[in-house]
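**Q** What follows is a structure written as structure tokens; I'll ask about it next.
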Amino acid sequence: MDSSSPFQSGQIVRLDHHPHHLYAEVIQVVKIRDVCWVRPLMLAEFSPEHHSNDPPQTLYDLRDSSDLIWPQKLFQPALDTEVIPLLVQLDSTDGKNTITSTGHQKLQVFIRQVWQAYPDVFTG
Numbered sequence: 028m029d030s031s032s033p034f035q036s037g038q039i040v041r042l043d044h045h046p047h048h049l050y051a052e053v054i055q056v057v058k059i060r061d062v063c064w065v066r067p068l069m070l071a072e073f074s075p076e077h078h079s080n081d082p083p084q085t086l087y088d089l090r091d092s093s094d095l096i097w098p099q100k101l102f103q104p105a106l107d108t109e110v111i112p113l114l115v116q117l118d119s120t121d122g123k124n125t126i127t128s129t130g131h132q133k134l135q136v137f138i139r140q141v142w143q144a145y146p147d148v149f150t151g
């Protein structure tokens, strides 16, 4: 891993914007622009009183979504212990609490909310 970048290709990262967590796979870090090219995997929606060990209320499957190129300072590394159970839930046969159809709409709303919350990160 390059010492100037906290992420490497294939790594799973998380972007938090209460009460959602966007999990994505890093495709490439563009160091000169300080951005990450990421492929969304899932959007986890938690209750407002969410505690660290609580499972998400709803999990949106974003594996068919478009890639994003966003400032890398918005992301943090996701821990295997948090991601693996969510990936298992995405692939579960019962699909309980996993939604694909509205995931793209939820992602669009999430993107808009993050843009509005951090305008200086996107314009700087």
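Positions 28 to 151 (this note's numbering) are the ones given, in order, by the sequence shown.
Note that the Cβ used here is the ideal one computed from N, Cα and C, for glycine as well.
Note that the structure is predicted; figures quoted are calculated from it, not measured.
(1) Taking only three categories from DSSP, how would you classify LEU49?
(2) How should HIS47 be labelled, buried or exposed, when 16 other C-beta atoms within 10 angstroms of its C-beta is the threshold for buried?
(3) Could you tell me the distance, in whole angstroms, from the CA atom of PRO98 to the CA atom of VAL115?
(4) Distance check for ILE59 and GLY130, CA to CA, integer angstroms please.
(5) If you count every other CB in all the chains shown that lies within 10 Å of the CB of LEU71, and 16 or more means buried, which is it?
(6) Can you tell me which of THR150, GLN140, GLY37, ASP118 puts its alpha carbon nearest to the alpha carbon of TYR87?
**A** Considering the structure as presented:
(1) strand
(2) buried
(3) 28 Å
(4) 31 Å
(5) The residue you asked about is not Leu; residue 71 is Ala in the sequence shown. By the neighbour-count rule (16 or more Cβ atoms within 10 Å), ALA71 is buried.
(6) ASP118
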